[in-house]
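So the structure is just underneath, and the comments pick up after that.
In this note's numbering, the protein residues as written are 31 to 179.
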């Protein structure tokens with residue numbers, strides 16, 4: 031199966047540890063959702079390490095289907111071994127990484143109790159198709175600073 035886009039959700043904790051959650055197919059509903067194939071990057075890290083983990087996370091998109099117990103238990107809950115999505119995401123920022131035929135986009139979010147993580151569309155970094163060796167990492171670091179939990 032060929033996909034025209036890929037998404038990775040990046041959760042950022044208070045220590046600036048990063049949890050990259052690739053998306054896969056939720057076959058039951060024929061939509062994409064986070065899969066339990068998470069890459070962790072512990073702080074401190076440099077842009078080279080960060081760029082490498084971002085690339086690996088995009089490669090993991092669609093590498094597996096969404097778990098059968100989703101949405102009762104999310105990938106981040108399983109990975110962190112915390113029961114309850116609200117508890118698992120407490121005090122965490124989120125950045126969305128997206129790729130499609132127009133190139134890469136990095137979007138910070140703001141957390142709202144009523145709406146969850148809302149994209150800051152006006153702050154999206156549009157990187158295009160041609161990337162230098164650290165452009166995704168640099169955009170992610172900027173988006174983390176803009177994100178609010």
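In this text, a Cβ means the ideal position worked out from N, Cα and C, and glycines have one as well.
Everything numeric in this text was worked out from a predicted model, so none of it was measured.
Decide if residue i is buried, meaning its Cβ has at least 16 other Cβ atoms within 10 Å, or exposed.
| i | result |
| --- | --- |
| residue 177 | buried |
| residue 100 | buried |
| residue 34 | exposed |
| residue 130 | exposed |
| residue 87 | buried |
| residue 74 | exposed |
| residue 139 | buried |
| residue 137 | buried |
| residue 39 | buried |
| residue 72 | exposed |
Looking at residue i: is its Cβ nearer than 8 Å to the Cβ of residue j?
| i | j | result |
| --- | --- | --- |
| residue 171 | residue 84 | no |
| residue 115 | residue 55 | no |
| residue 69 | residue 50 | yes |
| residue 67 | residue 123 | no |
| residue 37 | residue 161 | no |
| residue 117 | residue 133 | no |
Hey, is residue i's beta-carbon within less than 8 Å of any beta-carbon in chain B?
| i | result |
| --- | --- |
| residue 74 | The displayed structure is made up of one protein chain only, and chain B is not part of it. |
Can you list, in chain order, the residues of its chain with a C-beta nearer than 7 Å to that of residue i? Leave out the 5 residues immediately preceding and following it.
| i | result |
| --- | --- |
| residue 165 | 157 |
Report yes if the C-beta of residue i is less than 7 Å from at least one heavy atom of the ligand ZN; otherwise report no.
| i | result |
| --- | --- |
| residue 104 | Of ligands this structure carries none, so the ligand ZN is not represented either. |
Output needed for residue i: all residues of its chain with C-beta closer than 8 Å, excluding positions within five of it in sequence on either side, in chain order.
| i | result |
| --- | --- |
| residue 168 | 77 |
| residue 97 | 65, 66, 103, 105, 108 |
Entirely within the segment 106-159 and at least 3 residues each: give me those beta strand (DSSP E) ranges in chain order.
Every beta strand (DSSP E) of 3 residues or more that sits fully in the segment 106-159 is shown, in chain order, as 123-130, 133-142, 146-149, 155-158.
Check whether the segment 149-159 touches the segment 46-63, counting contact only when three or more Cβ pairs, one atom from each stretch, lie closer than 8 Å.
Put simply, the segment 149-159 does not touch the segment 46-63. Fewer than three CB pairs are less than 8 Å apart.
Counting only runs of 3+ residues fully inside the segment 68-103, write out the beta strand (DSSP E) ranges in chain order.
The segment 68-103 contains these whole beta strand (DSSP E) runs: 69-71.
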